[in-house]
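Q: All residue numbers for the sequence shown refer to full-length UniProt numbering, where the first residue is 1 and numbers rise by one.
Glycine included, every Cβ here is placed at the ideal spot set by N, Cα and C.
These figures come from a predicted structure and were not determined experimentally.
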Amino acid sequence: MGRLIRDGFTLQRTRRAGADTRSGRWQVVTVGVSAAELLPDGRWPEPLRPLADAVELHLRPAPGGRGTELAIRPLGGVATLPGMAAHLVGDDPDGYLRQVLRAVRQLAETGEVLRADRPGTERPVGRRPGADGPVVPG
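Here it is in structure tokens:
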């Protein structure tokens, strides 16, 4: 299972036998809450729980007392394709980890995962209520 490092201490869960000990790159985000709020009772935040067997998690106070730095990296080695090639073919574990970190940060700071508005090209076209004029994007 994954490892959790908090304030210089490693809380280690049992690792699978024969697991590759090499690790990938750290992905880091600053979350505007304390470590106790981020990991209540040592439980991993919901978006990270499914990854508990596959990632190493590191927490430390953020510079300037601005919350907590949360860092994760995969335990099983690096991606098979380097950088942009992995991204282009959809085999980019770092991209997925960044997405999970963003979700953890949003849940901790706002209580929900925020969704971007749809682009104007995907919105329905119609008339604005009370407007006597040309058709405008919704």
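Alpha carbon to alpha carbon, how far is Pro-47 from Gly-24? Give it in angstroms, no decimals.
A: 19 Å
Q: Which two residues bound the contiguous alpha helix (DSSP H) that contains His-97?
A: According to the sequence as given, residue 97 is Leu; it is not His. That run of the alpha helix (DSSP H) goes 93-110.
Q: Considering only their Cβ atoms, is the gap separating Leu-75 from Ala-54 smaller than 8 Å?
A: yes
Q: Can you give me the Cβ contacts of Val-33 inside the same chain, cut-off strictly under 7 Å, excluding the 5 residues immediately before and after it?
A: Excluding residues within five positions, the ones whose Cβ falls inside 7 Å are Gly-67, Thr-68, Ala-108 and Glu-109.
Q: Does the distance from the C-beta atom of Arg-98 to that of Gln-27 stay below 8 Å?
A: yes
Q: Using the Cβ count rule (16 or more neighbours within 10 Å means buried), how would you classify Val-113?
A: Classified as exposed, Val-113 has fewer than 16 neighbouring CB atoms from the shown chains inside 10 Å of its CB.
Q: Excluding five sequence neighbours on each side, which residues of the same chain lie with their C-beta closer than 6 Å to the C-beta of residue 142?
A: An answer regarding residue 142 cannot be provided, because it is not within the stretch 1 to 138 covered by the chain.
Q: Any idea if Arg-73 is buried or exposed, counting beta-carbon neighbours within 10 angstroms, 16 or more meaning buried?
A: Around the CB of Arg-73, 16 or more other CB atoms lie within 10 Å, so the residue is classed as buried.
Q: DSSP state of residue 145, grouped into three classes?
A: Within the shown structure, residues of the chain are numbered from 1 to 138, placing residue 145 beyond reach of any answer.
Q: Taking buried to mean at least 16 other C-beta atoms within 10 Å of its own C-beta, is Pro-40 buried or exposed?
A: exposed
Q: On the three-state DSSP scale, how would you describe Pro-124?
A: coil
Q: Quick one: Cα of Glu-56 to Cα of Arg-43, how far?
A: Rounded to whole angstroms, Glu-56 to Arg-43 spans 14 Å at the Cα level.
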